[in-house]
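Those letters in the sequence shown? Residues 0 to 318, by numbering that gives the first Met the number 0.
Worksheet: one structure, shown below.
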Amino acid sequence: MIAAPFHAGERALQTLAGSREVMAAAGSRVIRDFMPDQHRDFFAQLPFLIVGSMDAQLQPWASVLAAPPGFSHSPDATHLRIDALPAADDPLAAQLVQGASLGLLGIQPHTRRRNRMNGKVESIDATGFMVEVQQSFGNCPKYIQAREPLFAAGRVAVPAERLDGLDDAARALIGRADTFFIASAFPQHAAGGDEADPAAQGVDVSHRGGLPGFVRVGEDGVLTVPDFTGNRFFNTLGNLSVHPRAGLLFIDFENGDLLHLTATAEIVWDGPEVAAFEGAERLLRLRVGQVLRRRGALPLRWGGAELSPHLARTGRWVG
């Protein structure tokens, strides 16, 4: 177990939310520096992994790797081997170097299971890479839409598109989304240079889900997302409170298009806008920067989604 798994940003938000004492007691029990057997077996069942990375400018990015189940496997409790490499136009490609911090999210939407593992790249070869575990922990199934992926044949490579901003197609994808993924980071400068603390620096990637349309797209390109009650770890928001830069990934589940965004983040803790959205405890405001679209890049297709029953207690944007 990790004696002090939360960094200063996470602790500050836990205090603000009134959950610090509970998290101080629970964190060291549920956040480990190794993968329990249940998690090791789970990752080996998955046909895709969400990966968070950070570029040389300390900008987080969210990506996805896909291959037949078994491509992600754990040779021992402190390592995860991924037998896949990102395409050249994937933001992860430039960041995948020995020693790089990565956040990994294993998620199985049709069973609503998910586990997170954050660590460092220990080695890379021609077919994949090995990650050394720093933090391993489970997440609750709330807000995951149940949908099951199938591999699609005959995929044709299409050049990636770098956009000056959100075009109509990007706005439409975001506006109808019921799911996206968000990468965040607590880099060394935010940690005060404390390299001895495993909670002090690294990258994390997380899932966000809601009713279709839960991400509001402003005319100015600012995205506003309600933040619902969760595990109270505040991994993502704790990172953003001290390093307000995020990487977002939206997946078109029908055709495999990927939309990678960078954004600067602001947490809105209270006010009429928060009160007006049923179920929201706060809002996350994301000002979009870079936009990268990769058409058909994900070789998976999903059928219709069964929305999470927890969303019955959440609202919609008005106006």
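Virtual Cβ for every residue (Gly too), placed ideally from N, Cα, C.
Keep in mind that this is a model prediction, so the values were computed, not measured.
Residue j beta carbon less than 8 Å from that of residue i
{"i": "S240", "j": "A23", "result": "no"}
{"i": "L257", "j": "A311", "result": "no"}
{"i": "G217", "j": "G174", "result": "no"}
{"i": "V287", "j": "R281", "result": "no"}
{"i": "H78", "j": "M129", "result": "yes"}
{"i": "D88", "j": "S62", "result": "no"}
{"i": "V204", "j": "I106", "result": "no"}
{"i": "Q133", "j": "G201", "result": "yes"}
{"i": "I81", "j": "G137", "result": "no"}
{"i": "V120", "j": "R294", "result": "no"}
{"i": "P59", "j": "I30", "result": "no"}
{"i": "E9", "j": "F180", "result": "no"}
{"i": "A171", "j": "D226", "result": "no"}
{"i": "T313", "j": "E277", "result": "yes"}
Buried versus exposed, by CB contacts within 10 Å (16 or more), residue i
{"i": "R161", "result": "exposed"}
{"i": "F340", "result": "For the chain, the structure presents residues 0 to 318; residue 340 sits outside this window and is missing."}
{"i": "N254", "result": "exposed"}
{"i": "W301", "result": "buried"}
{"i": "D177", "result": "buried"}
{"i": "R315", "result": "exposed"}
{"i": "A195", "result": "Here the model assigns A195 a pLDDT of 44, short of 50, so the residue's position is not dependable and the matter cannot be decided."}
{"i": "A184", "result": "buried"}
{"i": "W268", "result": "exposed"}
{"i": "Q56", "result": "exposed"}
{"i": "S122", "result": "exposed"}
{"i": "P148", "result": "buried"}
{"i": "T110", "result": "exposed"}
{"i": "V155", "result": "exposed"}
For residue i, three-class secondary structure by DSSP
{"i": "Q56", "result": "coil"}
{"i": "H38", "result": "helix"}
{"i": "A195", "result": "Since pLDDT at A195 reaches only 44, below the 50 mark, its modelled position is unreliable, and the value read off the structure follows with that caveat. Coil at A195, not helix or strand."}
{"i": "T235", "result": "helix"}
{"i": "T223", "result": "strand"}
{"i": "S240", "result": "helix"}
{"i": "P67", "result": "coil"}
{"i": "G320", "result": "Residue coverage of the chain in this structure runs from 0 to 318, which leaves residue 320 outside it and unanswerable."}
{"i": "A145", "result": "strand"}
{"i": "P74", "result": "strand"}
Bounding residues of the beta strand (DSSP E) (the contiguous stretch that carries residue i)
{"i": "R293", "result": "281-293"}
{"i": "A262", "result": "257-267"}
{"i": "P148", "result": "148-150"}
{"i": "R161", "result": "160-162"}
{"i": "E131", "result": "128-138"}
{"i": "L299", "result": "299-301"}
Residue(s) in a DSSP beta bridge with residue i
{"i": "V204", "result": "A182"}
{"i": "F47", "result": "A65"}
{"i": "K119", "result": "S100, E131"}
{"i": "G105", "result": "N114"}
{"i": "R28", "result": "Answer by DSSP bridge pairing: none, since R28 is not bridged."}
{"i": "V216", "result": "L222"}
{"i": "L79", "result": "V130"}
Any non-hydrogen atom of the ligand NAP within 7 Å of residue i CB
{"i": "N254", "result": "The ligand NAP is absent from the structure shown, which contains no ligand whatsoever."}
For residue i, the first and last residue of its enclosing alpha helix (DSSP H)
{"i": "D167", "result": "167-175"}
{"i": "Q187", "result": "Note, Q187: premise wrong, no alpha helix (DSSP H); not H, not E."}
{"i": "L91", "result": "91-94"}
{"i": "G8", "result": "7-15"}
{"i": "A304", "result": "Run containing A304: none; DSSP gives neither H nor E here."}
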